[in-house]
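Participant:
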Amino acid sequence: MNIELRFLQKAIEDKNYINFTYKQKKYQKIEPLKLEKVDTSYFLVTKEVNFEFNLIKNLIILKNKFN
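This is how it looks when you write it as structure tokens:
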């Protein structure tokens, strides 16, 4: 398990917003709901869209929390 994956799991537990780049598009103030493991890949389930974790770059955990 890499460090970014662990930080993302902690952000999900603590309900922190996240920012990241996915396929060269920036996403800001996203609410991460859970991580799903499918075969050998992880998928980030959010309120808006599901993202493949391997394609997420520049992950930033924000201090702001959601409900």
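FYI, the numbering for the sequence shown is 130 to 196, going by the numbering used here. Glycine included, every Cβ here is placed at the ideal spot set by N, Cα and C.
For residue 164, which residues in the same chain have their Cβ closer than 8 Å to its Cβ, ignoring the five residues on either side in sequence?
Facilitator: Taking the first residue of the sequence shown as position 1, residue 164 is located at position 35. Excluding positions up to five away in sequence, the list reads 134, 137, 138, 141, 171, 172, 173, 174 and 182.
Participant: Over the uninterrupted beta strand (DSSP E) stretch that includes residue 153, give me the two end residues.
Facilitator: Here residue 153 corresponds to residue number 24 of the sequence shown, with the count starting at 1. Neither: residue 153 is in no beta strand (DSSP E) and is coded neither H nor E.
Participant: On the three-state DSSP scale, how would you describe residue 180?
Facilitator: Here residue 180 refers to the residue found at position 51 when the sequence shown is read from its first residue. Looking at residue 180 - three-state DSSP - the assignment turns out to be strand.
Participant: How long is the line joining the alpha carbons of residue 194 and residue 145, rounded to whole angstroms?
Facilitator: On the sequence shown, residue 194 is found 65 positions in, with the first residue counted as 1. On the sequence shown, residue 145 is found 16 positions in, with the first residue counted as 1. If I take the Cα positions, the gap works out to 4 Å.
Participant: Report, in whole angstroms, the separation of the C-beta atoms of residue 162 and residue 176, which I expect to be a contact under 8 Å.
Facilitator: Looking up residue 162 in the sequence shown gives position 33. Looking up residue 176 in the sequence shown gives position 47. Confirmed, about 7 Å.
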